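Quick notes on the structure that follows.
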Ligand code: 6PG
């Protein structure tokens with residue numbers, strides 16, 4: 092009888108190829124499936140030893156090459172492709188086989204697929220995988236949901252391939268039932284959108300208010316990466332500023348068109364936060380800014396209609412200090428909003444999420460990994476019922492000592508016509524969340540005035556309505 096492999100992977104694109112090689116590096120044998128013959132031969136030749144890694148374009152051969160219960164992970168584009176692969180696989184599967192969807196699937200799709208596959212006697216897990224191609228190869232952060240017994244089949248492989256945080260803990264953990272894993276990954280991406288938007292605003296400020304060159308920006312970001320802002324996104328930003336244009340003079344960053352694309356996970360985060368009634372304005376505006384950026388031609392026309400304020404410069408040293416503090420403050424706001432959304436979703440969808448565990452598995456491997464997550468993990472361990480990171484004792488001093496820099500920069504941006512919506516939404520979120528009084532009493536009065544929607548009073552219990560015109 093020919094060799095049976097420990098692990099199967101469908102979809103040998105960049106992520107799939109890297110993930111399967113990671114599995115093999117960690118001592119498991121693996122078999123890949125892809126309709127594209129070239130991807131199949133590329134994997135076989137890269138793998139070297141076909142007893143450790145093999146691949147095929149033939150579904151029947153793929154399934155019969157796997158040891159039972161089969162562990163089959165899909166790394167194919169989210170949406171219809173996942174359903175198609177599942178439909179094709181089902182006739183070949185045996186009871187107890189496990190399918191893992193490692194893509195950015197929408198969480199309700201995961202719930203539907205789990206019920207369907209469970210009804211046929213198979214296991215199914217939706218697992219978020221973060222870290223891009225490099226993470227897939229060297230250690231991603233993995234966010235699995237599904238049923239705990241289903242997870243136990245794949246746990247040894249996931250723990251072996253996942254990134255390890257500096258304390259040696261693997262960046263993977265069972266997060267909760269049903270679509271908990273995909274939901275957490277969706278919010279991870281929302282936070283990712285927020286942080287990327289914030290960094291881009293700081294870049295804009297540094298180049299416009301400080302006239303910094305790309306080489307200087309590279310240095311500034313590299314220095315920040317050695318401090319409390321240490322994170323994957325700050326690290327790669329430094330690297331980006333240093334990259335020469337391979338098709339012309341100067342640095343590549345200056346040639347890249349300023350229209351940001353998106354695949355939808357950030358938008359889903361915002362949409363679902365609205366459904367849950369949880370404010371995540373730093374993330375919302377990051378989605379909107381990608382949309383505004385896409386209107387390049389309209390922006391060019393509109394730019395020619397209006398005058399811009401004359402730019403005032405900010406003294407370099409102060410600007411760098413303001414920028415570092417503002418970024419630190421607003422990163423905290425982005426995480427606060429994401430975790431707030433997760434805690435509400437946990438109640439609404441019965442995920443029973445553990446916030447400390449989530450921040451712990453985000454400490455390495457994923458796109459939003461950052462040293463800040465060490466503090467966030469501690470904050471949630473200290474108070475498992477923490478309503479918002481903004482009120483965590485561990486964060487109060489950090490926030491108090493950086494908020495004024497955001498005020499300076501947001502005011503500067505407003506005066507000088509530099510859009511800083513991520514920073515200003517973070518600041519507004521903070522100012523509103525920490526205001527015991529907001530002017531929304533007036534909104535209640537207006538609602539009652541025009542629509543008899545009623546209101547509550549701050550001096551006595553009950554529901555009231557007033558005939559305002561009389
Ligand atoms: C990750 C990323 C990844 C995502 C890309 C692109 O955690 O590895 O979140 O899953 O697909 O970042 O997302 P957008 O195209 O929407 O920017």
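In the working numbering, the protein residues as written are 92 to 561. Every residue gets a Cβ at the ideal spot worked out from N, C-alpha and C, and that includes glycine. Since the structure is predicted, the reported quantities are computational estimates derived from the model, not experimental observations.
Per-residue DSSP class, three states only, for residue i
| i | result |
| --- | --- |
| residue 50 | Nothing about residue 50 can be read from this structure; the chain reaches only from 92 to 561. |
| residue 503 | helix |
| residue 119 | coil |
| residue 372 | helix |
| residue 287 | helix |
| residue 240 | helix |
| residue 337 | coil |
| residue 520 | helix |
| residue 529 | coil |
| residue 555 | strand |
| residue 512 | helix |
| residue 231 | coil |
| residue 484 | helix |
| residue 542 | helix |
| residue 255 | strand |
| residue 222 | coil |
Any non-hydrogen atom of the ligand 6PG within 7 Å of residue i CB
| i | result |
| --- | --- |
| residue 347 | no |
| residue 432 | no |
| residue 222 | yes |
| residue 229 | no |
| residue 246 | no |
| residue 363 | no |
| residue 353 | yes |
| residue 279 | yes |
| residue 333 | no |
| residue 283 | yes |
| residue 33 | Any property of residue 33 remains undetermined from this structure, which presents the chain solely from 92 to 561. |
| residue 549 | no |
| residue 217 | no |
| residue 201 | no |
| residue 357 | yes |
| residue 195 | yes |
Residue i to residue j span [Cα, whole Å]
| i | j | result |
| --- | --- | --- |
| residue 225 | residue 555 | 59 Å |
| residue 559 | residue 540 | 6 Å |
| residue 416 | residue 237 | 39 Å |
| residue 172 | residue 503 | 47 Å |
| residue 214 | residue 184 | 11 Å |
| residue 178 | residue 334 | 44 Å |
| residue 380 | residue 297 | 19 Å |
| residue 97 | residue 123 | 11 Å |
| residue 533 | residue 450 | 39 Å |
| residue 471 | residue 195 | 26 Å |
| residue 132 | residue 146 | 8 Å |
| residue 476 | residue 394 | 48 Å |
| residue 342 | residue 327 | 15 Å |
Residue environment, residue i, which counts as buried when at least 16 other CB atoms sit within 10 Å
| i | result |
| --- | --- |
| residue 429 | buried |
| residue 359 | buried |
| residue 283 | buried |
| residue 487 | exposed |
| residue 453 | buried |
| residue 241 | buried |
| residue 386 | exposed |
| residue 432 | buried |
| residue 108 | buried |
| residue 505 | exposed |
| residue 201 | buried |
| residue 551 | exposed |
| residue 401 | exposed |
Fully enclosed by the stretch 385-435, which alpha helix (DSSP H) runs are 4 residues long or longer?
At a cut-off of 4 residues, the continuous stretches assigned as alpha helix (DSSP H) that sit fully inside the stretch 385-435 are 387-396.
*Ignoring anything shorter than 3 residues or poking outside the stretch 168-219, list the beta strand (DSSP E) runs there in chain order.*
189-192
Discussion item. Just to confirm the assignment: which complete beta strand (DSSP E) runs, minimum length 3, are found wholly within the stretch 123-159?
Written reply: You should have 144-147.
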